[in-house]
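My numbering puts the first residue of the sequence shown at 1, with every later residue one more than the last.
Beta carbons are placed, not taken as given, at the ideal position from N, Cα and C, and that holds for glycine.
Nothing here was measured: the structure is a model prediction, and the numbers come from that model.
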Amino acid sequence: MIQNTNNQQVQQENSQKYLSHKLLFSISQKYPDHSFAQAINYNNTIMAYGSKFICKVIFFKNENFLNVLQVKKHQNVISTLTFFKDRSQLISGSYDSSIIIYPLNLLSSSKHLTKLKQHTHLITCLIVSKNSENFFISGSLDKNIKFWSFSSSSCWTCTQTISEHLDQVSGLSLNEDGRKLISCSRDKQIFIMERSTDQFWYIKQKISGNGYRISFITTDIFSFQPYDGTHLYLYSFDTITGQYIKSRELSISKGGQGCQYFFPQIYISSKQLLISKNGYFVNLIKFNFNSEGWDCKLEEEIEYNQLGNFGNIFGTISDNGEYFVTWDCKSGLLQVRKIIYENQNE
């Protein structure tokens, strides 16, 4: 059931703040029909979310619903969702270890799907390259990172597998030009990988770190959220050693709980905004860059009443930073918020 709440202001606009947000609508999605994964397409006209085994796709215009389509293709719970931009395709990963690519104009047709099944366990994270949509990367509970390319024969193939993590791959992030990749794992290791001249990836650096969420801010800076931690770690590239080193710690809200590994950390470069979940809080962190360097601060924290529920909050943010969607197990609501930035009219 969809509940429109256009007049409900979650937080009043404040001229002293960089941003505010309001709840646009909510969708009843009660456990056990959990929603571990959500995605919004590049022009904010389609939202997809997992409803246990089913992928639900909502089409809307000017924040008004046009129609809802249910697509049941996986054999187990959907764990990751993302959109290609130029391809007009949706890609999902699942507990059934498969990855499915759906053409948006033929969502209801099974024969037009591409199903990839080279992982042997659930898909934990999946990212599409912003630099080339003929390329994406997946991570899994099987400990492997797989690199996928769209070949001249018009099919997706796994071109490389990195198998050096000793436990599940929890988070992945590519830098803007698509030549550097970072990963974090339950083996308490962060890998920094680079692409060589022959287009294969190699591990250049390993850092100790126990956490599920990681994201490039710029090519020279990345953020990492330690598991059950009270601070966000910022790593910077040191030109002398050629290595990334921890340069700062930012105090963030935690809520006294651990985390599930879904809900990736996402940085919106156009808004210089990082979204990072921790415990039963979602932290919105603003970065500022100038000629003297950079800094960051905790701009906003959204608290979810999840006490005793192990931080079961899952979500994402649109590419332009305008829409923010979450689902939490305790309320059973998929909530879509609009983020309003200073000097921006509604």
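Query                                                                                                                                                            : Result
Looking only at its chain, what residues have a beta carbon closer than 6 Å to the beta carbon of SER251, apart from the 5 residues adjacent to it on each side? : HIS231
Entirely within the stretch 215-263 and at least 3 residues each: give me those beta strand (DSSP E) ranges in chain order.                                      : 221-226, 231-238, 243-251
Sort out for me which residues DSSP pairs SER183 with in a bridge.                                                                                               : LEU172, PHE191
Do you know how far the Cα of ALA39 is from the Cα of GLN322?                                                                                                    : For the record, residue 322 in the displayed sequence is Glu; it is not Gln. Each residue's Cα considered, the two are about 13 Å apart.
Would you tell me roughly how many angstroms separate the C-alpha atoms of PHE59 and ILE245, rounded to the nearest one?                                         : 44 Å
Between VAL282, SER247, ILE285, which lies nearest to GLY293 when the distance is taken from Cα to Cα?                                                           : SER247
Kindly indicate which residue of GLN225, TRP156, THR197 has the alpha-carbon position closest to the one of GLY171.                                              : GLN225
Quick one, are the C-beta atoms of LEU19 and ILE339 less than 8 Å apart?                                                                                         : yes
Taking the CB atoms as reference points, tell me whether SER138 and LYS146 lie closer together than 8 Å.                                                         : yes
Could you pull out every residue in the same chain whose Cβ sits closer than 6 Å to the Cβ of SER215, ignoring the five residues on either side in sequence?     : SER173, SER223, GLN265, TYR267
Is the beta carbon of LEU334 sitting closer than 8 Å to the one on SER35?                                                                                        : yes
Can you tell me the Cα-Cα spacing of ILE217 and SER183, whole angstroms?                                                                                         : 14 Å
Given ASN134, which residues of its chain have a CB within under 7 Å of its CB, disregarding the five upstream and five downstream residues?                     : SER149, PHE150
According to the Cβ coordinates, are TYR276 and ASN320 closer than 8 Å?                                                                                          : In the sequence under discussion, the amino acid at residue 276 is Ser, which differs from the Tyr named in the question. Contact flag unset, no.
Should GLU300 be labelled buried (16 or more other beta-carbon atoms within 10 Å of its own) or exposed?                                                         : buried
Please determine, among SER163, VAL68, THR219, the residue with the shortest C-alpha to C-alpha distance to ASN175.                                              : THR219
Among the residues of its own chain, which have a CB less than 8 Å from the CB of VAL71, if the five just before and after it don't count?                       : ILE54, CYS55, LYS56, VAL57, TYR102, LEU107, SER108
I need the boundaries of the beta strand (DSSP E) containing GLY293, first residue and last residue.                                                             : 293-303
So for ASN64, helix, strand or coil by DSSP?                                                                                                                     : strand
Grouping DSSP H, G and I as helix and E and B as strand, with all else coil, what is ASN41?                                                                      : coil
Report back the beta-carbon spacing between ASP96 and THR120 to the nearest angstrom; my notes put them in contact at under 8 Å.                                 : The pair is not a contact, with the Cβ atoms about 11 Å apart (cut-off 8 Å).
How is LYS146 classed by DSSP in three states: helix, strand or coil?                                                                                            : strand
Write down the C-beta distance between ILE78 and GLY50 rounded to the nearest angstrom, noting that I regard them as a contact closer than 8 Å.                  : 3 Å
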